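Structure first, commentary second.
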């Protein structure tokens, strides 16, 4: 790999890793120590010239894929759409049953505490 290409790759890695780490942290998809291991491994592969580097012609396609996951357009989940997959005639029954569960309420409480800075615990 040319030195200039390697420098560009390292530059791109340095810029995107913080956004990527931030997004994974927000989604609670990866433990911090696992993320550090992955970051270090990718960095080592790039430095040794062993990383699978994409063809520049594919840059736009890859950029679109990255943006899709880093900046999703839809930032909500529709419980009704999910429930329809299980019981299309009456999805409200599925949601009603789910909300009756004590575990569901505990999950929602925990999720709100972690993800909603304006969460009013007394109102919950």
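Numbering (the numbering used here), first residue to last: 5 to 128. Glycine included, C-beta positions come from ideal geometry on N, C-alpha and C. On a predicted model such as this, the values are computed, not experimentally measured, just so you know.
1) Which stretch, first to last residue, makes up the alpha helix (DSSP H) that contains residue 83?
2) Assign residue 118 to one of three DSSP states: helix, strand, or coil.
3) May I ask you to report which of helix, strand or coil DSSP gives residue 5?
4) Alpha carbon to alpha carbon, how far is residue 123 from residue 96? Give it in angstroms, no decimals.
5) If you follow the alpha helix (DSSP H) that residue 105 is part of, which residue opens it and which one closes it?
6) May I ask you to report which of helix, strand or coil DSSP gives residue 126?
7) Given that a residue counts as buried once 16 or more other Cβ atoms are within 10 Å of its Cβ, and exposed if not, what is residue 36?
For this structure:
1) 83 to 90
2) helix
3) No answer about residue 5 holds up, because its pLDDT of 49 lies below 50 and its placement is not dependable.
4) 26 Å
5) That residue, residue 105, is in no alpha helix (DSSP H); it is neither H nor E in DSSP.
6) DSSP, reduced to helix, strand and coil, places residue 126 outside both helices and strands of the structure shown, so it counts as coil.
7) exposed
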